[in-house]
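The block underneath contains the structure these notes are about, expressed in structure tokens.
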Amino acid sequence: MSSASSSAEHSAGTNYLNAKKGIASWLLTVDHKRIGIMYMITILSFFLIGGLFAMLVRYELLDAAPTLTAKNYNKAFTLHGAIMVFLVLVPAIPASIGNFVLPLMLGAKDVAFPKLNLLSFHIYILGSLFLVYTLAAGGVDTGWTFYTPYSANTDTSVISALAGAFILGFSSILTGLNFIATIHKMRAPGMTWRKLPLFLWAIYATSLIQILATPVIAVTLVLLMVERGLGIGIFDPALGGDPVLFQHFFWFYSHPVVYVMILPAFGVISETITINSRKHIFGYMAIAASSVAIAAVGFIVWGHHMFLSGQSEALGAIFSFITFGVAVPTAIKVCSWIATLYKGSIRWNTVMIYTIAFLWIFSIGGLTGLPLATLATDVHLHDTYFVVAHFHYTMMGGVLFALIAAIHHWWPKMTGKMFNETAGRIFAIFAFISYNLTFIPQFIAGTRGMPRRYHEYLPQFQDMQFLSSIGAFAFGISLFCVLGLWIHSLLKGEKAPQNPWGGLTLEWATATPPIEHNFEEQPICTSGPYDFPEIDVKEPMAAK
Amino acid sequence: MILFHWMFDAVADEGYLPKAASTLASGVDDTFMFIWWCCVVFFIALMGAMFYFVVAYKQKDENEKTLDLKGHHTLELVWSIFPSFLLIAMFVMGFQQYVRSTIPPAEALQVSVIGKKWDWTFAYPTLGTFTSRDLVVPNQEPVRLEMISQDVLHSFFVPDFRMKKDVLPNRYTTQWFETTEMYEPQEGDKFYSYKFSFPDAEPKEGSTDLYSSAGQDVKEAVASQCAKEKKNNAALECSTDATQIKVGLHQVFCTEYCGDSHSRMLAKVVVLSPVDFDLWVKSQNNFDPDEKFKGNVSALGEYYAGKAGCTACHSNDGAVKTGPTWKGLWDADRKFADGSTGKANADYIRESILYPQAKVVEGFPAGGMPANLHKAFGQGKEEAGILAIIEYIKTLQ
Amino acid sequence: MSSEHAHHHPHYQAHHFHTMEQQNSSNKLGMWAFLVQELLFFSGLFMAYIATRYFYGETFTEVQERNLLSIPMGFTNTIVLLTSSLTMALAVREAQLIPTLENDESKKHRKNMMVLLVVTAVLACVFLVIKYFEYSHKLHVGTLPGHFYNFAEWPVYKDESTGRILGAIREGGIIDVESAPHIFFSLYFVMTGTHGLHVVIGVGVILWLALRAKRGEFNQENYSAVENVGLYWHLVDLIWIFLFPLMYLVQ
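Residue numbers (my numbering), protein chains in the order written: chain A, 147 to 690; chain B, -8 to 388; chain C, 38 to 288.
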């Protein structure tokens, strides 16, 4: 993209990782890179815990007969969902990768509000402590959706879980706020909006959703806490309230939040697919504009979670129609990415395998949303395993494979080390196959009528559930393999060159790993982020 | 790959969708198949292009130049607009079918559906004051369900009818269906019977089949009513032999998470020929438990235990459900949550029914048992019902 | 652009910004984003209000008829907050007039700013005191949220065994399920309470600004903190301006 000198002035080996030492220098840092790393470690740890609950659920569902007590199973799936949604998927890419990469990609020294960034992290930790407390207090069994009146009356530790989610929301809001200000005000000279890397467009759209939608879930959780504590009577019909009102409040946030999860993933894919095909992105404006369009339209489709809730049929029809509207920008992206591959120079490396896997997985996820958006078929499929498979394909498969791609892609930049490509490729394929084995049978079970959140089930669903559980265990193993790959790289990986993939965005124009304040000199943006054929890639960083 | 084979075989045998048993189901299935084929075509096209490009344009040299293609207006318009037409078609099909499902015919039979943690009760207000644990309906006649919950959200789902709607505690929700034919249960079909524990084990030696009661109660009721009526009207076409009576059976699931025994909140739709249905209704209206179980108080107790919903939480065979099992309960020592102890005698059982929160057994949730279950025995019959339950429990040693 | 290390940064300019202009405009954008978020939060509460009013409209008018909310107190609070917004705006104006070099003029404007900030905080405390009187009166008569509601003159029926509240009890023992004063007062306390919490936080932040002013901070190049707190305060005022008629003046 442009110019900057290499880290000649600083002593060799001084970078953000070793510049300051000690736990306090990490926990009290305002360096966005260190904050991003801390987020990444914490998020992956919670992913492990949420994954263990998933394994518990899949173990129970291996056969039709119960193994756990009903209450414990209900707690297991609730905690799996709550941890995965609130502690993992929402911050996954923006807080970890976003924090690390965003200022570097912009050519800035840090985010607009570094101290606020640190506060966001500590708020995240505080919120997570509430959820840890909930675990210790015996868990919660309401489902991550907390529908009333069950959630207003069950005797499990609901308020602490709600409080945790409430606090986590603020972390999300402050991060979004920070990113918006940074992208608006701290771009390198010459970086117009049309030269902004697509990852940043994605983060920008995500941040808009974060600040607009998260306060609504905050209010919802507060009202539910007060409902439980004081019996105010807004959601619980026994006190004069309306349970469908809760659903409206809840989904007004919880639908946009899935776009908070997936838009950054889309951004990652735009980066990895161009670098590893060494080709300009196809349809830059379409992809940028569609990110914002998805963010906007995502706010007016929440009722598609509630077609059968007893809300009016006319309202259902409106939500159904608009939901199809959100499919169009998404389809544009997928088609544009695939078109980017045409006559490219495609590397078959680990990052690309995860990228291709993402395209497969997200296509299935997106396409299976269509029968759910359609009123008549949703009547049959709502609240069955079809929905479970659909959202795992979009939310979990999409976000996770993009996150893993992102971690592999920026791994050299973050750690200064390379990882073993051969092992990386093998594990990627293993993860991809086992992932599909886990969730495709669930589509079939759901179409045949198996409801979700079932602790025991009728024997006719046994074969599909058995396959799914085997797939899940295999998938879990594959993820441990990936973790092993990363640990091996940290301990024994080769030193990384400054720009191992030949990228043109600004983060590749500085030291690997970066120095504390990112750039020796303010870089200037002269060309676009994907101008591959136009530049001699051997020397991308001609000093200007 | 063997696993994938197994999966494809399973799908080929049974198909994706359950048997279509209602008049609305075929419309839903047509919409589903339309969407399915659109998705398959698009998926193959996209993934085909993707894999082809990945292979055909695999990198040969790190420095090779690539095509400078930043966009293509025509292509972008095509892939934005063409799918939009298909999406509109999907919406329209879905909307049309959905509207059909929301407008019940005026002449539909009204059935009230009452959901509570964790069972379903069905009432037929236009036909009598009786209630039923199975949703018994006449074949090829429209039925309208008026549904209400007595506690939390539930949802009434019959996969074979492609029918589902949430059941709310603060207002009625409605859905309707009309069956097309009577699907007899196949070998190996399992249906939940409210009398027995959930099939969490193979049927025990010598026990009656835990799985498919196959509408047995309904068949017997129809047969005995037919026997009564044939006395006065020999020409009546019905069968006095319960094994000859044809029923269609369809599974009902609760599909909105409602707590501990959500997965056990099941029921059956029992489809009868219209003649048999009339006989069944008469038998229910004439049903007098005191008469039927004359002299057999424990059988009356067993009947009441099903009617009042006790069996949703208390098993009769030692299985631990939401509440303690009744097997071996009589005269056993009990330890309660507050540390006190007692014996499970008649006073204790009566108190538990009338004041469920008074003595909660250690290890079971407080507030688990709802109050006022004895009202299900019928007005004026509460005490008799309690005594019958006690006698029934005594038989479960 | 040349190397950063040679650049002169005023001590109040953060290291990651190039110019004060960049810092100030970033701060302002950040604050607007925060306020948008706050607005969404309160909109959620206003949605709850609309839903409750839709289901229990009669209850709202009955609260008016029974004079259960003191309009004089609410009105006074409105005037108090509006005045505090004025003093806050004047404080921002004073901050804009402080020259960057220390002289008599800077001391004068800074002192004016401090005084105005303190007056704003005091007015906010007056608001809170009046609110305190309102709340304690309600505690005394029993017009409290949800389960705690026990106002003798407008009783509700509570089923002790199940905990269900069915509605208000009218003459003759009839239960009016359309009447739900316990829900109205829940809404009242949650909405005014949340607003009050924001006032309390505002007082703290404004006093902190005054303290920083005392230490000699702020001048016409560096007053974004004052300006942004001012924006926050105006939002708090604006929310009250909606809350007051919706709660107190319902017909």
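Backbone N, C-alpha and C fix where the C-beta goes; we use that ideal spot for every residue, glycine too.
Count the other C-beta atoms from every protein chain shown that fall within 10 angstroms of the C-beta of residue i, then say buried if there are 16 or more, exposed otherwise.
i             : result
residue 39/C  : With a pLDDT of only 43 at residue 39/C, under 50, the local geometry of the prediction cannot be trusted, and no value is derived from it.
residue 686/A : For residue 686/A, the predicted model reports a pLDDT of 44, less than 50, meaning its position is unreliable and no value from the coordinates is stated.
residue 331/B : exposed
residue 210/C : exposed
residue 12/C  : With chain C represented from 38 up to 288, any question about residue 12/C goes unanswered, as that position is not in the structure.
residue 164/B : buried
residue 170/A : exposed
residue 368/B : buried
Would the beta-carbon of residue i fall within 7 Å of that of residue j?
i             : j             : result
residue 322/A : residue 357/A : yes
residue 447/A : residue 394/A : no
residue 268/C : residue 68/C  : yes
residue 465/A : residue 538/A : no
residue 117/C : residue 164/C : yes
residue 461/A : residue 444/A : no
residue 467/A : residue 82/B  : yes
residue 313/B : residue 359/B : yes
residue 557/A : residue 565/A : yes
residue 263/A : residue 330/A : no
residue 325/B : residue 352/B : yes
residue 273/B : residue 207/B : no
residue 442/A : residue 482/A : no
residue 674/A : residue 341/A : yes
Pick helix, strand or coil for residue i, following the three-state DSSP scheme.
i             : result
residue 317/B : coil
residue 197/B : Any reading at residue 197/B needs caution, since the residue's pLDDT is 42, under 50, leaving its predicted position unreliable; the model's value is listed next. Coil at residue 197/B, not helix or strand.
residue 135/B : strand
residue 378/A : coil
residue 219/C : helix
residue 295/B : helix
residue 79/C  : helix
residue 255/C : coil
residue 229/B : coil
residue 418/A : helix
residue 157/B : strand
residue 258/B : strand
residue 494/A : coil
Quick one: residues in its chain with C-beta nearer than 6 Å to the C-beta of residue i, no 5 flanking neighbours on either side, listed in chain order?
i             : result
residue 381/B : 337 and 340
residue 253/A : 334, 652 and 669
residue 498/A : 422
Tell me which residues share the same chain as residue i and place their Cβ nearer than 7 Å to its Cβ, disregarding the 5 neighbours each side in the sequence.
i             : result
residue 267/B : 213, 229 and 236
residue 280/C : 228, 229 and 232
residue 156/A : Per-residue confidence for residue 156/A stands at a pLDDT of 48, beneath the threshold of 50, marking its modelled position as unreliable; the derived number appears in the next sentence. Excluding positions up to five away in sequence, the list reads 661.
residue 313/A : 269, 272, 273 and 276
Near residue i, which residues of its chain fall below 8 Å by C-beta distance, leaving aside the five closest residues on each side in sequence?
i             : result
residue 480/A : 505, 508, 509 and 512
residue 540/A : 404, 408, 508, 511, 512 and 515
residue 29/B  : 77 and 81
residue 74/B  : 33
residue 440/A : 351, 405, 409, 472, 475 and 476
residue 389/A : 293, 294, 295, 381, 382 and 383
Residues within the region 233 to 258 of chain A neighbouring chain C, beta-carbon criterion of under 9 Å | Within the region 233 to 258 of chain A, the qualifying residues are 249, 254, 255, 256, 257 and 258.
Residues within the region 65 to 79 of chain B neighbouring chain A, beta-carbon criterion of under 8 Å | Cβ contacts with chain A come from 66, 67, 70, 71, 74, 75, 78 and 79.
Of the residues that make up the region 412 to 437 of chain A, which ones have a beta carbon closer than 8 Å to any beta carbon in chain B?
-> For the region 412 to 437 of chain A, which is checked against every Cβ of chain B, the residues closer than 8 Å are 423, 424, 425, 426, 427, 428, 429, 430, 431 and 432.
Members of the region 368 to 387 of chain A that neighbour chain C once the beta carbon cut-off is set at 8 Å | Listed in sequence order: 368, 369, 372, 373, 376, 377, 378, 379, 380, 384, 385, 386 and 387.
Residues in the region 245 to 264 of chain B with C-beta within 9 Å of chain A's C-beta atoms, listed in sequence order?
-> Under the 9 Å Cβ criterion, the region 245 to 264 of chain B contributes 245, 246, 247, 248, 249, 250, 251, 252, 253, 254, 255 and 257.
Can you list, in chain order, the residues of the region 86 to 104 of chain C whose Cβ is nearer than 8 Å to any Cβ on chain A?
-> Answer in chain order: 88, 89, 92 and 93.
According to a CB-to-CB cut-off of less than 8 Å, which residues of the region 554 to 582 of chain A neighbour chain F?
-> This model lacks chain F altogether, as its protein chains are A, B and C.
Members of the region 29 to 63 of chain B that neighbour chain A once the beta carbon cut-off is set at 7 Å | Legend: CB atoms of the region 29 to 63 of chain B lying less than 7 Å from CB atoms of chain A belong to residues 30, 33, 34, 37, 38, 40, 41, 44, 45, 48, 49, 50, 54, 55, 56, 57, 58, 59, 60, 61 and 62.
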